[in-house]
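Worksheet: one structure, shown below.
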Amino acid sequence: MNIASARQSATGASIRISRLEKRFGAVSAVDGVDIDIAAGEFVALLGPSGSGKTTILMSVAGFEFPTSGTIHVDSEDLTYVPSNRRNLGMVFQNYTLFPHLSILDNVAFPLKMRGLRTAERHARAEAALATVRLAGYGHRRPNELSGGQQQRVALARAIVYQPRVLLMDEPLSALDKNLREDMQLEIKRLHAELGITVIFVTHDQSEALTMADRIAVLRDGKIQQIGPARQLYERPTNLFTAGFIGEMNFVDVAVQSVGDDISVALPWGETWRLPATAAVERLAAGEAAVLAVRPERLQLGAGSPGQVVTVTLSDIVYAGSALLLIGRLPDGTEMRARIPGASQLSSLAPGDVASFTIPTEAMLLYRGKR
Amino acid sequence: MMEAGRSHFWHSDGRQLSGLSTLLLLLPFFAIIAFVFVYPILQLLVISVLEPHPTLDNYARVVENPVHMRVLMRTLWTATLVTALSVVLGFPVAYYMSRAKGTVAALVAVCVILPLWSSVLVRTAAWSFLFQRNGLINSALMALGLTSEPFKLLYTQSAVVIAMAHVLLPFMILPIYGALRSIPNDYGRAAAVLGATRLRTFLEVILPLSLPGVVSGSLLVFLTALGFFITPALLGSPQEMMISTLVSKQIREVLDWPFAAALVGVLTVFVTLLAIVFSKTLRFDRLMGNAS
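Heads up: the protein sequence lines correspond to chains R and P, in order.
At position 120 of the first sequence the residue is numbered 904 (my numbering), and the sequence of numbers has no breaks.
At position 72 of the second sequence the residue is numbered 59 (my numbering), and the sequence of numbers has no breaks.
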């Protein structure tokens, strides 16, 4: 068997998770989750710890059986099938290479379980090691490899039997930053080469944003939003996602009227008229709302059409590619701005009052209070 | 597993203790070991070759007399059986302990450790009570109609093996438990998702990784069993003596100290050889890899 034919035959499967629920006693770890994943798609499950992302993955892997709901892979119901008969690939956070086996035997392990003869499984394991660029490491022991190399071996072991789905449980969180970025590219490359469907659990949002086709943001066992990175970042559908993904400024406002445009009262007495498209959620006059703006969308001074705010600066932080300005609005609400091209701003000092323009299209309105 | 390399003591604030303080802290222990263990053993070995005059006759008597060799072989065989029985009985308990949680785990641990707090004599006496001609075991067998005549249980080799295995079981269970506990749960999960059935996960992953525990438990049990005295003396047949009984007889009844010393010498050589063979053939560090 050569690698080329392995690549051709290994294409991803579609996954359908419906009404998935998992309760531990009174606690709902997963609370009615629906996800449809297309064949070959790369989906990240992103959320704080306790959000249920790992429980969902464990249910797909078969380590946990859900309280209710179903998991289908290519229309085959796997909900209650034992792990060893699901034929899924999985990479764990802590590599989980078997320390008593050589690298080659580790990678050949799933083939041994499938009854392949020694010569063939060693040839295929060697080929899989080559795809993660570790050819020739087969005779070593796991503890003779670095963390990054061990995780690549784990990756080789997870794909050597050509599963149609690859599950990854925070596979990069044990690695240091540079290695993590290398591995992100390595996994992306493998995903493109193999066409395998990937479910990737992480609590690192930049990892999710750079790697995944779509990201499911989870909180308290429920999906808050699922969509491509750009959508999640540019127009989060609720206040939680808005605060969870990236940096965001929030200002409490009161809705005065809703029509062709929306007028809102700012806490320091001004009234702004915003286009109706600013409202992400349906708003009604008299309700409390939250105005959300990304720090990098603020512009120093007057410029493009938008609203001007005055900010009393308290901290000026040099952050390499940009200058981070932290200050307070007239009512005391904190406001952050990231201004690129830091060198021209060296005249600013804490205590200065600066005016910023918030471009109209950068403003989003949500129901509720911050 | 212990980190190999230089070992030091530390102050509670993290500063390293000076060499002298370290020495002073360790001295009492090693002084006692030297005084109550190393010195008497050496003294015995000296007696075995110097008395009644410088000679190896005492050793010749051990090796040449088939009765004595039979006692030695029986001792080794008994210790082997005890070890085997302890592994068979102990492994499942250790495995269960390593997987149990909460109250159940505590209960099992107490059941394993509690016998260690009662004396060997008490536990052996309990067995002699059970093994009697009209004891609980024979009564039960007859009540069930499995036998019409009571079996001879007491004063047999089987009684000795069973009782010794019971007494030594904690020393088998605890090291295996330790080895099993150090295997991360994810290994079993990884094996399963890679296609291994439960049986194969156990045979290919869990068992090999627990071997260091099995080996150290077996060494502990085997070496302790070699020198066991009370249990064979109370439950065993006088015609099927073990070496400790023979040594005791030579010292207390025959008053032949040099010969008893030679018996101890032969046993010591056996034990040392075994320990060396075990540590050379089984490379624990390599076997365990980075399992921790």
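Yeah, the Cβ is synthetic: ideal placement off N, Cα and C, and Gly gets one too.
Predicted model, so just to flag it, every value in this text is computed and none were measured.
Would residue i pass as an interface residue toward chain R - the criterion being a Cβ-Cβ separation below 8 angstroms?
i                : result
Thr90 (chain P)  : no
Glu136 (chain P) : no
Val309 (chain P) : Only positions -12 to 279 of chain P appear in this structure, which leaves residue 309 (chain P) out of reach.
Pro102 (chain P) : no
Val264 (chain P) : no
Arg239 (chain P) : no
Arg86 (chain P)  : no
Arg110 (chain P) : no
Ala183 (chain P) : yes
Ala166 (chain P) : no
Pro162 (chain P) : no
Asn277 (chain P) : Only weak support is given to the placement of Asn277 (chain P): the predicted model assigns it a pLDDT of 38, under 50, and the value that follows is read from those uncertain coordinates. Answer yes: the Cβ-Cβ gap between Asn277 (chain P) and chain R drops below 8 angstroms somewhere.
Exposed or buried, what is residue i when buried is set at 16 or more other beta-carbons lying within 10 Å of its beta-carbon?
i                 : result
Glu136 (chain P)  : exposed
Lys961 (chain R)  : exposed
Met56 (chain P)   : exposed
Leu841 (chain R)  : buried
Pro157 (chain P)  : buried
Ser789 (chain R)  : Only weak support exists for where Ser789 (chain R) lies, its pLDDT of 41 falling under 50; the value from the coordinates is given anyway. Classification for Ser789 (chain R): exposed.
Gln935 (chain R)  : buried
Thr90 (chain P)   : exposed
Glu191 (chain P)  : buried
Leu913 (chain R)  : buried
Tyr26 (chain P)   : exposed
Phe17 (chain P)   : exposed
Pro926 (chain R)  : buried
Trp1056 (chain R) : buried
Leu1067 (chain R) : buried
Leu950 (chain R)  : buried
Lys1153 (chain R) : exposed
Gly831 (chain R)  : buried
Answer yes or no: does any C-beta atom of chain P fall closer than 8 angstroms to that of residue i?
i                 : result
His884 (chain R)  : yes
Phe1024 (chain R) : no
Thr986 (chain R)  : no
Met897 (chain R)  : yes
Phe876 (chain R)  : yes
Phe1140 (chain R) : no
Gly796 (chain R)  : no
Pro850 (chain R)  : no
Met785 (chain R)  : Legend: pLDDT at Met785 (chain R) = 39, less than 50; position of this residue unreliable, value from coordinates given subsequently. For Met785 (chain R), the answer is no, since every Cβ of chain P falls outside 8 angstroms of its Cβ.
Thr880 (chain R)  : yes
Leu950 (chain R)  : no
Ile936 (chain R)  : In the sequence under discussion, the amino acid at residue 936 (chain R) is Arg, which differs from the Ile named in the question. No, Arg936 (chain R) lies away from the interface with chain P (no Cβ there is under 8 angstroms from its Cβ).
Ala909 (chain R)  : no
Phe808 (chain R)  : no
Arg941 (chain R)  : yes
Ser793 (chain R)  : The predicted position of Ser793 (chain R) is uncertain, since its pLDDT is 46 and thus under 50; a value taken from the coordinates is nonetheless stated next. Not closer than 8 angstroms to any Cβ of chain P, the Cβ of Ser793 (chain R) fails to qualify, so no.
Ser812 (chain R)  : no
Ser867 (chain R)  : yes
Phe893 (chain R)  : yes
Grouping DSSP H, G and I as helix and E and B as strand, with all else coil, what is residue i?
i                 : result
Thr994 (chain R)  : helix
Met228 (chain P)  : coil
Phe882 (chain R)  : coil
Val1039 (chain R) : strand
Arg941 (chain R)  : helix
Leu830 (chain R)  : strand
Met897 (chain R)  : helix
Asp1004 (chain R) : coil
Met874 (chain R)  : strand
Lys806 (chain R)  : strand
Val814 (chain R)  : strand
Leu101 (chain P)  : helix
Leu950 (chain R)  : strand
Ser798 (chain R)  : coil
Thr986 (chain R)  : strand
Thr1141 (chain R) : strand
Trp244 (chain P)  : helix
Just to check my reading of the structure: residue i and residue j have Cβ atoms closer than 8 angstroms, yes? What is that Cβ distance to the nearest angstrom?
i                 : j                 : result
Ala1073 (chain R) : Arg1151 (chain R) : 6 angstroms
Val74 (chain P)   : Leu155 (chain P)  : Actually they are not in contact, since the Cβ atoms of Val74 (chain P) and Leu155 (chain P) sit about 11 angstroms apart, beyond 8 angstroms.
Pro245 (chain P)  : Ser5 (chain P)    : Actually they are not in contact, since the Cβ atoms of Pro245 (chain P) and Ser5 (chain P) sit about 47 angstroms apart, beyond 8 angstroms.
Val985 (chain R)  : Thr838 (chain R)  : 6 angstroms
Ala797 (chain R)  : Asp858 (chain R)  : 4 angstroms
Complete beta strand (DSSP E) runs within the region 1054 to 1137 of chain R (minimum length 3 residues, chain order): Within the region 1054 to 1137 of chain R, the runs of beta strand (DSSP E) that reach at least 3 residues and sit entirely inside it are, in chain order, 1055 to 1059, 1072 to 1077, 1090 to 1103, 1106 to 1112 and 1118 to 1124.
Would you mind listing the alpha helix (DSSP H) stretches within the region 156 to 235 of chain P that are 4+ residues and don't spill past its ends, in chain order? Segments of the alpha helix (DSSP H) lying fully in the region 156 to 235 of chain P: 172 to 180, 185 to 188, 194 to 213 and 217 to 222.
Alpha helix (DSSP H) runs wholly inside the region 53 to 117 of chain P, at least 4 long, in chain order: If we require 4 residues or more, the alpha helix (DSSP H) runs fully inside the region 53 to 117 of chain P come out as 53 to 86 and 89 to 104.
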